[in-house]
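Each number in the working numbering corresponds to the 1-based position in the sequence shown with 467 added.
Idealized CB from N, CA, C, for every residue including glycine.
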Amino acid sequence: MNHPDVVVIGGGPAGSTVSTLLAQQGLKVELFERERFPRFHIGESLIPETYWVLKRLGMLEKMQKSHFVKKYSVQFVNASGRLSAPFYFWDNKPHECSQTWQVVRSEFDKMLLENARDHGVSAHEGVRVMDVIFEADPSTPPGAGRAVGVKIKEADGTLREVRAKVVVDASGQNGLISNRFRLRVWDPILNKGAIWTYWEGAYRDTGRDEGATMVLQTPDKQGWFWYIPQHDNIVSVGVVGPFDYLFKNRESFEKTYDEEVERCVAVKERIKDATRATGYFATKDYSYRANRVSGDGWVLVGDAWGFLDPLYSSGVLLALKSGELAAESIVEGLKNGDTSGAQLGKWGPGFNEGVDRMRRLVCEYYAGFSFGNFMRQHPEMRGTVTDLLIGDLFNDRVDKVWAPMESMYPDNKHLIPRWDAGVPVDKAPEKANELFLPADLRPGV
Ligand SMILES: Cc1cc2nc3c(=O)[nH]c(=O)nc-3n(C[C@H](O)[C@H](O)[C@H](O)COP(=O)(O)OP(=O)(O)OC[C@H]3O[C@@H](n4cnc5c(N)ncnc54)[C@H](O)[C@@H]3O)c2cc1C
Numbered sequence: 468m469n470h471p472d473v474v475v476i477g478g479g480p481a482g483s484t485v486s487t488l489l490a491q492q493g494l495k496v497e498l499f500e501r502e503r504f505p506r507f508h509i510g511e512s513l514i515p516e517t518y519w520v521l522k523r524l525g526m527l528e529k530m531q532k533s534h535f536v537k538k539y540s541v542q543f544v545n546a547s548g549r550l551s552a553p554f555y556f557w558d559n560k561p562h563e564c565s566q567t568w569q570v571v572r573s574e575f576d577k578m579l580l581e582n583a584r585d586h587g588v589s590a591h592e593g594v595r596v597m598d599v600i601f602e603a604d605p606s607t608p609p610g611a612g613r614a615v616g617v618k619i620k621e622a623d624g625t626l627r628e629v630r631a632k633v634v635v636d637a638s639g640q641n642g643l644i645s646n647r648f649r650l651r652v653w654d655p656i657l658n659k660g661a662i663w664t665y666w667e668g669a670y671r672d673t674g675r676d677e678g679a680t681m682v683l684q685t686p687d688k689q690g691w692f693w694y695i696p697q698h699d700n701i702v703s704v705g706v707v708g709p710f711d712y713l714f715k716n717r718e719s720f721e722k723t724y725d726e727e728v729e730r731c732v733a734v735k736e737r738i739k740d741a742t743r744a745t746g747y748f749a750t751k752d753y754s755y756r757a758n759r760v761s762g763d764g765w766v767l768v769g770d771a772w773g774f775l776d777p778l779y780s781s782g783v784l785l786a787l788k789s790g791e792l793a794a795e796s797i798v799e800g801l802k803n804g805d806t807s808g809a810q811l812g813k814w815g816p817g818f819n820e821g822v823d824r825m826r827r828l829v830c831e832y833y834a835g836f837s838f839g840n841f842m843r844q845h846p847e848m849r850g851t852v853t854d855l856l857i858g859d860l861f862n863d864r865v866d867k868v869w870a871p872m873e874s875m876y877p878d879n880k881h882l883i884p885r886w887d888a889g890v891p892v893d894k895a896p897e898k899a900n901e902l903f904l905p906a907d908l909r910p911g912v
């Protein structure tokens, strides 16, 4: 039988990464993506630690030759409009990895998928995975099952089964396996929404600051704007805020967005001479994680495993990194004839810890912690904060930052609840992440 070793559901950054790395090790991989690329996706600002995975994927040269805007720093504007000094990644780590990119995801994701094909992955577009096939296995407890393949619907509507030794769920927020086993836990505090659009001719800095991501706090400190300069003179500008505030008792996405821009002078100034290039996009983006990363014969990667608030642009890094770690566990497992959940998900605890570090930084920002004051009082911590901002999350060296931060807490500061203190999906059926696209997308996006 000509079965693949591994089937991958979804051709976003996580799916392309895991498949490419598996194919590099000589494994036979089939990837199924329901859309045809290029397709729109949000998540446009990369952070420097993506460099190492992009390098393993053989993507660096392609990125360097691309027209994506180069990003050297991130800069914050506080609620009173005060601009922080930029966090230049190079100053912290003088290495090529300290320059990253602002991408247009339709183009970036297509490049990653084509790169997977170049490495031998058999990637099918326009093919939806309808279900994962589970079968009882003598080695698993009664009632449990092992993933043995997927049911797919081909572009012409034909239904077919594809068997494999391992199934990787990289289906993004759709979370095929997570939904089936009700694994998702909604974050107890990161319940946000976002509305965004694209501007042509908006303000751009020059030189190495041209491609900086700006994070601009709204005056009431309830939320923030992202300001991401892209190629073709486009800037992506989005507002993130508490879900109830942005979406309940408001008239329309367009009106809410315009009202929020009106309140935030720093954004208003930057787009005052620009022309809007598309309609308005919106998403309910509640953060969540799955309460397990794997089971027998299956493993979750990227947003199919978890999604963290976009404040520090960590999503694509987490997709790439989880794809890389899952690929390593799969290769080792297949070599030793062990595709148990324990083997496929052995990277899960360390990964969760890394994501916890970024989550803590996100929660501190929303809780009003002043990183500006912190830098002034603890300049020796600037490098460690920058390490976290670049995505260097997976070692405990950076944990030295927490004690000095805690020393600045006010007496009445509440402890940040852990992610798993949130609501399991069963108990909050009304919560669902949804994306609203405008009718007028730019061509090719
Ligand atoms: C408002 C917002 C702003 C963000 N900003 C940033 C940012 O600046 N930087 C950053 O790094 N990240 C950002 N992110 C996060 C980023 O978008 C995601 O973390 C990232 O796209 C995850 O990649 P993925 O491969 O896991 O999932 P995806 O990119 O979503 O890919 C999943 C793929 O699976 C396919 N699929 C789904 N179901 C099926 C099925 N049944 N069969 C076949 N195919 C299927 C989908 O079509 C999709 O192509 C942001 C997210 C939001 C919501």
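Check Pro816 in the structure and name its three-state DSSP category. In the structure shown, Pro816 sits in a helix (DSSP, three-state: H, G or I).
For Ser780, does the count of other Cβ atoms within 10 angstroms reach 16, so buried, or fall short, so exposed? buried
Is there at least one non-hydrogen atom of ligand 1 closer than 8 Å to the beta-carbon of Ser486? no
Can you list, in chain order, the stretches of the alpha helix (DSSP H) that have 4 or more residues and sit fully within the stretch 757-821? 782-803, 808-811
Helix, strand or coil, according to DSSP, for Ala590 in the structure here? strand
Phe836 to Pro561 span [Cα, whole Å]: 29 Å
Secondary structure of Arg849, DSSP reduced to three states: helix
With a threshold of 9 Å between beta-carbons, can Gly746 be considered close to chain B, or not? Of the chains in the structure shown, none is chain B; there is only one protein chain.
Per-residue burial, Asn508 [other beta carbons within 10 Å of its own, 16 or more giving buried]: For the record, residue 508 in the displayed sequence is His; it is not Asn. Buried: at least 16 other Cβ atoms inside 10 Å.
Who does Asn658 pair with in a DSSP beta bridge? Tyr753
Determine the contact status of Leu494 and Leu579, defining contact as a CB-CB distance below 9 Å. no
Just to confirm my understanding: we take Glu727, look at its own chain, exclude 5 residues before and 5 after, and list those with CB closer than 7 Å. What are they? Same-chain partners within the cutoff: Thr685, Val706.
Cα separation between Asp558 and Asp859? 15 Å
For the beta strand (DSSP E) that Glu563 lies in, which residues bound it at each end? No beta strand (DSSP E) holds Glu563; DSSP gives it neither H nor E.
Report yes if the C-beta of Gln684 is less than 8 Å from at least one heavy atom of ligand 1; otherwise report no. no
Hey, quick one: how far does the alpha helix (DSSP H) through Val734 stretch, first residue to last? 732-738
Whose C-alpha, out of Trp691, Trp869, Ala793, Arg864, is nearest the C-alpha of Ala481? Ala793
Check Lys880 in the structure and name its three-state DSSP category. Under the three-state reduction of DSSP output, Lys880 falls in the coil class, being neither helix nor strand.
Run through the DSSP bridge pairs and tell me what Thr680 is partnered with. Answer is Val541.
For Ser512: DSSP bridge partner residues: Gln569
With a Cβ-Cβ cutoff of 9 Å, do Thr673 and Tyr694 count as a contact? no
Give me the Cβ distance between Val822 and Gly773, rounded to the nearest whole Å; I'm assuming they're in contact under 8 Å. 7 Å
Closer than 8 Å to a non-hydrogen atom of ligand 1 - does that hold for the CB of Glu736? No, since every heavy atom of ligand 1 falls outside the 8 Å radius drawn around the Cβ of Glu736.
Output the residue ranges of the beta strand (DSSP E) runs that lie fully inside the stretch 666-714 and measure 3 residues or longer, sorted by chain position. 680-684, 691-696, 701-709
Under the three-state reduction of DSSP, which class applies to Leu498: helix, strand or coil? In the displayed model, Leu498 falls within a strand according to three-state DSSP.
Please list the terminal residues of the continuous beta strand (DSSP E) segment that includes Ala614. For Ala614, the enclosing beta strand (DSSP E) has its first and last residue at 613-620.
How should Tyr539 be labelled, buried or exposed, when 16 other C-beta atoms within 10 angstroms of its C-beta is the threshold for buried? Buried, because 16 or more other Cβ atoms sit within 10 Å of the Cβ of Tyr539.
In three-state DSSP terms, what is Pro891? strand
Only counting the same chain, and skipping five residues up and downstream in sequence, which positions put a Cβ closer than 6 Å to that of Phe903? Ala749
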